[in-house]
Amino acid sequence: MKRKRTGPTNIVLRRLIRELRKYANKYSAPIWDYIAELLERPARMRVAVNVSKINRYAREGEVVVVPGRVLGAGFISKPVDVAAVWFSEKAIKKIAAAGGKVMFIGDLIKENPKGSRVRVIV
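Structure (structure tokens):
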């Protein structure tokens with residue numbers, strides 16, 4: 048018997064995906080649809096980004112979305128606002144020490160429903 052794919056079983060993640068799709072349709076913001084798609088991947092294919100990669104690709108003062116985990120390997124020297132689903136303790140400390148802000152993706156979509164001036168790092 049072939050098993051049917053169910054998507055994420057984490058209820059918080061499922062609610063976030065539903066909310067992202069709602070905002071994508073309501074505000075004609077395809078970026079939220081794209082992030083929802085990335086979050087629906089199987090666990091072994093989800094995104095994990097180190098702060099060093101954020102430092103490499105983000106500009107100073109920019110808002111960055113990581114559709115997955117942010118880990119603390121490397122260093123970050125720019126004040127960058129980072130929105131993700133999960134953060135390691137080291138990553139939170141390093142981003143805050145650089146003058147940036149850490150937030151949940153759900154908070155970002157309420158703050159910026161159109162998704163303008165947001166960079167997605169995968």
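Residue numbers (my numbering): 48 to 169. Built from N, CA and C at the ideal position, the CB exists for glycine as well. From a predicted model like this one, the values you see are computed outputs, not experimental measurements.
Looking only at its own chain, which residues have a Cβ that is under 8 Å from the Cβ of G147, when we skip the five neighbours before and after it? The residue given as residue 147 occupies position 100 in the sequence shown. Answer for G147: I123, K125, P126, V127, D128, V129, listed in chain order.
I need the straight-line Cα distance from Y81 to V169, nearest angstrom please. Position 34 of the sequence shown holds residue 81. Position 122 of the sequence shown holds residue 169. One C-alpha to the other measures close to 11 Å.
Since G153 contacts L63 with CB under 8 Å, what's their CB separation in whole angstroms? Working through the sequence shown from its first residue, we reach residue 153 at position 106. Working through the sequence shown from its first residue, we reach residue 63 at position 16. 6 Å between Cβ atoms; contact.
Quick one: using the 10 Å Cβ neighbour count with 16 as the cut-off for buried, is P114 buried or exposed? Taking the sequence shown and counting its residues from 1, one reaches residue 114 at position 67. Per the 10 Å Cβ criterion, buried.
Ordered along the chain, which non-local residues of its own chain (more than five positions away) have a Cβ less than 6 Å from that of A71? The residue labelled residue 71 in the question sits at position 24 within the sequence shown. So the qualifying residues of the chain are W79, D80.
Smallest Cα separation from G121: which of K140, A90, W133? Walking along the sequence shown from the start, residue 121 turns up at place 74. Closest by alpha carbon: K140.
Any chance you could list the beta strand (DSSP E) runs of at least 3 consecutive residues sitting entirely within the stretch 117-150, in chain order? 128-134
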